[in-house]
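**Q** Sharing a structure with you now.
Protein chains: 2
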Amino acid sequence: MTVMVDGLHPAASELRLVKVLAALADPARLAMVRTLARNGESPCTQLQDAAGLTIGKSTFSHHQKVLREAGVIQARIQGQQRILTVRRDDLDACFPGLFEVVLDAPEKLIGTKRSD
Amino acid sequence: MTVMVDGLHPAASELRLVKVLAALADPARLAMVRTLARNGESPCTQLQDAAGLTIGKSTFSHHQKVLREAGVIQARIQGQQRILTVRRDDLDACFPGLFEVVLDAPEKLIGTKRSD
DNA sequence: TCGATAGTTCGACAAACGACGTACAGTTCG
DNA sequence: CGAACTGTACGTCGTTTGTCGAACTATCGA
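Sequence lines, in order, name chains A and B. Everything in the first sequence is counted per my numbering, starting at 423 for the first residue and increasing by one. Everything in the second sequence is counted per my numbering, starting at 423 for the first residue and increasing by one.
What follows is the structure in C-alpha cells.
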C-alpha cells in the first residue's frame, strides 16, 4: 500500500526561491537531486548508493529533509521504504527553467565543496 | 580612469554551480543581484540604497565579496567608487537559463529568510 | 514472535555564516 | 595638507549547518 506523507511537504504556493536555492547549494543535496531526476523515483538507500554519497544514513536523512521542506522533493511511504521523487511540476510552475539548469549542468561545473 | 580589479574574480571557466547557488541563496544577496540586473551597473552605495537593504556597509561589502568570489558580479574601480556589474555573459555561458530564472521570479516567491 | 530492513530523531560537536563596529586605505576636492 | 567620501579588512559574537553515532519506530518475512 502507498501512503502520502503530508504536512511535511510545503504546498506548491509555498515554495520560496531563497529556500530552494539554499537546498540546492550543497554538493550532497545537488547530487541527490540530479541523480533522482535522472533515475526516476527511488527509495532513500538506493538513491544514496546511486548518487555515490559516502555519508552516514542519518546525514542522508537530514539532507533529504532539507530538500523536502524546501519543496524540491517529495516522499511517499511504500511498505518499509520512502520513495523519493523530484517535484518537477511544482518547481517548473514556480521557477520555470531552474530545474533544467540544475539538471543540465555538466558534472565539471558542479563543484565539490561549498567553498572551492 | 577605470581600472579592473583582477585576482578577485574567478575566470569564467572557474565558475561552479554549488558556489553560485550558495551565493544566491541569501535574501540580501539575491536582492543585490536582482536590483543590479535591473538597474544596470551601480556603485555599492547606490546599489545598497536601490536594493532597500538596511544592513551596515561592512556587511554589504561582505555580501558583495561573496557574490564576486562566486563569479556572479564584477567590480571595477572608477575614481573613489567600485562599479558593480552582473557577469551575465559568463553565467549564461556556464549555466544557461539560471540567471533568467533568478531575475524573472516574482517578488512574492523570493522569500525573506533562509528559513521560513 | 524474532530478526532483518529502512529511515527518523536526538544530542553533540566543529566549522561556516551573517551581522556588527572600528580601524584602515585610496581618491577627490578645498 | 586635511577633510569628506567610498569601500575594505579585521576581530567578535551568536546562530545555523553538516556530520556523526546511538537509540528508536515501523514494516515485512521466516
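Ideal placement from N, C-alpha and C gives every residue a C-beta, glycine not left out. All of these numbers come straight from a predicted model, not from anything done at the bench.
Three-state secondary structure (DSSP) at ALA445 of chain A?
**A** Helix.
**Q** State the start and end residues of the unbroken alpha helix (DSSP H) segment that holds ALA545 of chain A.
**A** Residue 545 of chain A falls outside the range modelled here, since chain A spans only 423 to 538, and no answer is possible.
**Q** Do you know offhand how far LEU430 of chain A's Cα is from ILE505 of chain A's?
**A** Taking the straight line joining both Cα atoms gives about 14 Å.
**Q** Quick check: ILE532 of chain B and ARG509 of chain A, are their CB atoms within less than 8 Å of each other?
**A** Result no, Cβ atoms of ILE532 of chain B and ARG509 of chain A do not sit closer than 8 Å.
**Q** Closest to THR507 of chain B by C-alpha separation, out of B:THR457, B:VAL442 and B:ALA444, would be which residue?
**A** Ranking the options by Cα distance to THR507 of chain B, first place goes to B:THR457.
**Q** Please work out which residues of its chain come closer than 7 Å, Cβ to Cβ, to GLN470 of chain B, disregarding the five sequence neighbours upstream and downstream, and give them in chain order.
**A** Answer for GLN470 of chain B: PHE482, listed in chain order.
**Q** With a threshold of 8 Å between beta-carbons, can VAL440 of chain B be considered close to chain A, or not?
**A** It does; some Cβ of chain A falls within 8 Å.
**Q** With a threshold of 8 Å between beta carbons, is ALA527 of chain A in contact with chain B?
**A** Chain B, which has a Cβ nearer than 8 Å to the Cβ of ALA527 of chain A, makes this yes.
**Q** According to DSSP, is GLN503 of chain A helix, strand or coil?
**A** In this structure, GLN503 of chain A counts as strand in the three-state DSSP scheme.
**Q** Rounded to whole angstroms, how far is the Cβ of ALA445 of chain A from the Cβ of ARG451 of chain A, which I believe are closer than 8 Å?
**A** So it is a contact: roughly 6 Å between Cβ atoms.
**Q** Any residues in the stretch 457-491 of chain A with a beta carbon nearer than 8 Å to a beta carbon of chain B? Which ones, in chain order?
**A** Here the close residues number zero.
**Q** Would you kindly work out how many angstroms separate the C-alpha atoms of LYS535 of chain A and ASP512 of chain A, rounded to a whole number?
**A** Distance between the alpha carbons of LYS535 of chain A and ASP512 of chain A: 28 Å.
**Q** Taking Cβ to Cβ, would you say VAL523 of chain B is nearer than 8 Å to LEU489 of chain A?
**A** Cβ atoms of VAL523 of chain B and LEU489 of chain A: not closer than 8 Å.
**Q** So the alpha helix (DSSP H) THR481 of chain A belongs to, where does it begin and stop?
**A** Taken as a continuous stretch (DSSP letters only), the alpha helix (DSSP H) holding THR481 of chain A covers 479-492.
**Q** Can you tell me the Cα-Cα spacing of LYS479 of chain B and GLN503 of chain B, whole angstroms?
**A** Cα to Cα, LYS479 of chain B sits roughly 13 Å from GLN503 of chain B.
**Q** Using a Cβ cut-off of 7 Å, pull out every chain B residue sitting near ALA447 of chain A, in sequence order please.
**A** Those within 7 Å of ALA447 of chain A in chain B are VAL440, LEU443, ALA444 and ALA447.
**Q** Does DSSP classify ALA459 of chain A as helix, strand or coil?
**A** Three-state DSSP puts ALA459 of chain A in a helix.
**Q** List the residues of chain B that VAL523 of chain A touches, going by C-beta distances under 8 Å, in chain order.
**A** The answer, in chain order, is PHE517, PRO518, GLY519, LEU520 and VAL523.
**Q** In three-state DSSP terms, what is ARG451 of chain A?
**A** Note: ARG451 of chain A maps to helix in three-state DSSP.
**Q** Going along chain A in order, which residues have a C-beta closer than 9 Å to the C-beta of ILE532 of chain B?
**A** The answer, in chain order, is ARG438, LEU439 and VAL440.
**Q** So, with DSSP's three-state summary, where would you put ALA497 of chain A?
**A** ALA497 of chain A: strand per DSSP, three-state reduction.
**Q** Kindly say whether LEU430 of chain B, judged by its beta-carbon, lies nearer than 8 Å to any beta-carbon of chain A.
**A** Not an interface residue.
**Q** Using three-state DSSP, classify SER464 of chain B as helix, strand or coil.
**A** If DSSP states are grouped into helix, strand and coil, SER464 of chain B belongs with the strands.
**Q** Just curious, the alpha helix (DSSP H) that LEU525 of chain B is in, first and last residue?
**A** First-last of the alpha helix (DSSP H) with LEU525 of chain B: 520-526.
**Q** Please list the partners that LEU545 of chain A has in chain B, where partner means a Cβ-to-Cβ separation under 9 Å.
**A** No answer is possible for residue 545 of chain A: the residues shown for chain A start at 423 and end at 538.
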